[in-house]
Amino acid sequence: MITVPVSLGDRSYDVLVGRGARHRLLEVLPVGVARAAIVTQEGIGVGVDAGHDQRTFHMGSGETAKDLETVQDLCRQFSRWGLTRGDVVVAVGGGVVTDTAGFAAAVYHRGVRWIAVPTTLLGQVDAAIGGKTGVNLPEGKNLVGAFWQPSAVLCDTEVLETLPPREYRSGLGEVAKYHFLDEGEALVDMALDEKVAKCVAIKAAYVGADEREAVGGPGAGRRSRALLNYGHTLGHALETAGHYDLRHGEAVAIGLVFAAVLAARLGRIEGARVEEHRRVVAGYDLPTNLPPGADAAQLIDVMGRDKKAVAGMTFILDGPCGVEQVADVAVADVEAALKEISA
Ligand SMILES: NC(=O)c1ccc[n+]([C@@H]2O[C@H](COP(=O)([O-])OP(=O)(O)OC[C@H]3O[C@@H](n4cnc5c(N)ncnc54)[C@H](O)[C@@H]3O)[C@@H](O)[C@H]2O)c1
Ligand SMILES: [Zn+2]
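Here's what the structure looks like:
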């Protein structure tokens with residue numbers, strides 16, 4: 002078992018990574034807990050034993066279940082069961098479950114402790130780490146939420162065996178991202194447990210430096226949490242456009258190659274580094290080009306509305322000092338880069 006600390010002062014916690022990590026639940030349970038509310042989805046089939054009075058609450062699947070109605074349902078069921086402020090919520094599932102149950106934990110009784118047991122690769126390397134919890138509104142994704150750190154995270158790599166292959170590959174899109182946020186070469190060759198632990202450690206470093214993603218101001222400088230969105234500007238635009246049938250990690254994969262091509266056009270990186278992006282992404286069996294028939298004008302329009310756009314078109318781009326936020330990128334360069342990654 003690999004232990005990765007997330008250092009946040011009195012909100013610090015450990016992430017345990019390895020086969021069978023879910024069986025360590027009793028050990029990481031906060032003191033004083035009498036009851037554990039397990040939140041999961043039908044079909045995940047990952048059981049946990051809190052060693053205390055526990056009850057399982059099922060929520061729906063997909064982005065549409067990640068909403069305020071589900072939060073209300075969960076909180077009402079917690080209340081009827083008698084869950085108190087001293088108890089714990091255990092979220093067992095992918096990012097949809099950990100985001101929703103984590104947010105329910107953040108608001109129930111003004112905050113109860115929670116533990117994440119992420120069961121997707123994306124959840125283990127990204128969604129369950131860092132304390133961002135929240136749900137969607139009809140007006141947009143993740144519009145309501147809270148920073149609410151878990152007491153522990155158990156990344157059990159054994160449970161990934163039942164994950165549909167496409168979900169697994171989607172998680173690899175985030176793994177590819179971490180390659181470029183760190184001296185990545187070693188990451189490619191690591192075995193699964195070490196790979197997950199390394200990704201967690203990289204994310205933990207950013208979260209530790211910039212827990213609440215400081216807006217404006219000098220922020221956390223080289224370790225701004227916003228940099229975790231590398232590859233996501235085009236990735237989100239492809240998802241928002243809606244008609245490309247891409248999983249999140251697939252959209253991010255294309256976004257990573259796009260960001261590299263754009264950075265090269267701006268003279269920030271060499272061609273060899275662009276090739277490295279293509280090689281890493283393709284090595285995870287992820288797409289390196291835009292889907293056929295992609296509408297560049299629409300993508301630019303959506304990217305212009307990206308919430309990270311502060312001045313002109315803003316991107317997170319690689320460069321001589323590593324990945325950083327770059328503002329005022331000319332639309333002509335964006336167009337040219339999109340053309341370069343057209344299938
Ligand atoms: N909070 C954050 O920092 C953060 C970061 C990244 C993503 N997210 C959020 O995460 C969500 C996406 O998460 P996801 O990709 O894990 O999708 P998901 O939670 O929808 O899970 C994908 C599917 O796999 C199923 N599944 C989960 N574990 C399984 C297992 N072990 N075996 C078989 N099936 C299993 C789920 O039931 C679901 O149908 C999005 O809502 C996104 O906004 C949050
Ligand atoms: Zn992502």
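All letters in the sequence shown, in the order written, are residues 2 to 344 by our numbering.
Glycine included, each C-beta is placed from N, C-alpha and C at the ideal position.
The structure presented is a predicted model; accordingly, all values stated were derived computationally and were not measured.
Contact between the stretch 146 to 163 and the stretch 228 to 244 is not established, with fewer than three Cβ pairs separated by less than 8 Å. Apart from sequence neighbours up to five positions away, the residues of its chain that approach Val303 with a beta-carbon distance below 7 Å are Ala238, Thr241, Ala242, ordered along the chain.
Rounded to whole angstroms, Gln326 and Ala205 show a C-alpha spacing of 19 Å. For Leu228, the closest alpha carbon among the candidates Gly131, Ser13, Leu164, Val324 is that of Val324. When the five nearest sequence neighbours on each side are left out, the beta carbons in the same chain lying within less than 8 Å of the beta carbon of Val72 are those of Thr101, Phe104, Ala105, Val108, Val136, in order along the chain.
Contact holds between the stretch 127 to 145 and the stretch 54 to 69, because three or more Cβ pairs, one in each stretch, are under 8 Å apart. Closest in C-alpha terms to Val47, from the list Gly21, Leu300, Gln299, Arg170, comes Gly21. CA-CA distance, Val40 to Phe259, rounds to 37 Å. Residue state for Arg114 is assigned as strand, using DSSP reduced to three classes.
Taking 8 Å as the upper bound for CB-CB distance, Ile45 and Val93 are in contact here, some 7 Å apart. Taking the CA atoms as reference points, Tyr285 sits about 42 Å from Val34.
Ile130 has its Cβ nearer than 8 Å to a heavy atom of ligand 1. Ile317 carries a strand assignment under DSSP once its states are collapsed to helix, strand and coil. Residue pairing by DSSP places Tyr14 opposite Val7 in a beta bridge. The three-state secondary structure of Asn230, taken from DSSP, is helix. For Gly141, the uninterrupted beta strand (DSSP E) run begins and ends at 141 to 148, by DSSP. One alpha carbon belongs to Ala283, the other to Ile3, and they sit about 28 Å apart. Arg224 sits in a helix when the DSSP states are folded into three classes. For His249, the uninterrupted alpha helix (DSSP H) run begins and ends at 249 to 266, by DSSP. Counting every other CB atom within 10 Å of its CB across the protein chains shown gives His278 a total of 16 or more, marking it as buried.
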